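Below is one structure; the comments refer to it alone.
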Amino acid sequence: MNTPITHASDISVLIVGAGPTGLILACDLARRGVDFRIVEKANEYAAGSRGKGMQPRSLEVLDDVGVIDRILVYGQSHTLLRSYDGTTVLGDHDMHQDRHRTADIPYESTLFIPQWRTEVTLRLRLEELGAQVELATELGGWRTQHCAQVIERGVRRRDLERRAAHDRRSSCGRAGPRPLAHVAET
Ligand SMILES: Cc1cc2nc3c(=O)[nH]c(=O)nc-3n(C[C@H](O)[C@H](O)[C@H](O)COP(=O)(O)OP(=O)(O)OC[C@H]3O[C@@H](n4cnc5c(N)ncnc54)[C@H](O)[C@@H]3O)c2cc1C
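Here the numbering used here is used: the first residue of the sequence shown is 49, the next is one more, and so on.
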């Protein structure tokens, strides 16, 4: 059940955005028993891949939240680069061939893995920890008042059914984010 938030005291932590950063934070808070909500304004999870080169230090963070085995299964390290001279193949070489695992460096190579796969893995971990992302839910704004963060326009779940009906009626009928109605503060 999604409830609007109109004041910071409603929750301990509000995580805005369910990209890799928000998901990692959510996993970390969930395993520590901290009360939070994680909201994502998009109506559905991103299927594309922007971040695909996972750096070694990021892999250590994923190890820490308990998903590294699942990530390593789907990723590729020590990726080969192919060089050309015109159409002639000059050869392949490991872009991280000089890097080696040590006690201080548990992941020596960048891992190539699509961002959507990383996000799916983190969402599964979040579910295991008893929490989940609230899709189609957007933070409208916030401000500071009396040393407290006040959610200015609230977090509102988009009314997907009403919106779909509106889109069907609309001549342009475009899907995509649109501003939320203002939520009065209590
Ligand atoms: C072309 C390109 C290539 C890249 N390649 C790499 C790479 O090779 N390796 C690498 O490590 N990184 C790469 N990056 C960077 C990587 O994609 C980002 O660092 C990563 O996505 C950041 O994660 P994030 O969770 O901080 O933000 P995002 O992934 O942007 O997630 C933020 C989320 O917040 C949501 N949101 C925003 N405002 C609100 C609101 N008001 N209410 C609710 N939800 C909201 C958005 O919908 C979004 O889902 C690349 C980026 C681009 C654009």
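Note that CB positions come from ideal geometry on N, CA and C, so glycine has one too. What you are looking at is a predicted structure, and each value in this text was computed from that prediction instead of being measured.
Minimum Cα-Cα distance from A184 among the listed residues A66, S125, E88 and D76 corresponds to E88. About 27 angstroms separates the beta carbon of I116 from that of D83, a gap too long to meet the 8 angstroms contact definition. Of the heavy atoms belonging to ligand 1, at least one sits nearer than 7 angstroms to the Cβ of G99. A heavy atom of ligand 1 is found nearer than 7 angstroms to the CB of Q103. Looking at the DSSP output, G101 shares a beta bridge with F160. Just so you know, the alpha carbons of G134 and L170 end up roughly 42 angstroms apart.
Pairing T150 with Q103 gives a Cβ-Cβ distance that is not under 8 angstroms. Under DSSP, Q124 takes part in a beta bridge, and its partners are F160. Contact between R130 and D142 does not hold, since the beta-carbon distance rounds to 11 angstroms and is not under 8 angstroms. Each of F160, V181 and V137 was checked against the Cα of S97, and the nearest Cα belongs to F160. Remark: the C-beta of Q163 is in contact range of ligand 1, defined as less than 7 angstroms to any heavy atom. Measuring C-alpha to C-alpha distances from R118 to each of N91, P162 and E186 identifies P162 as the nearest. For V87, the CB falls within less than 7 angstroms of some heavy atom of ligand 1. For V87, the three-state secondary structure derived from DSSP is strand. Under the criterion of beta carbons closer than 8 angstroms, L71 and L174 qualify as touching, at roughly 6 angstroms.
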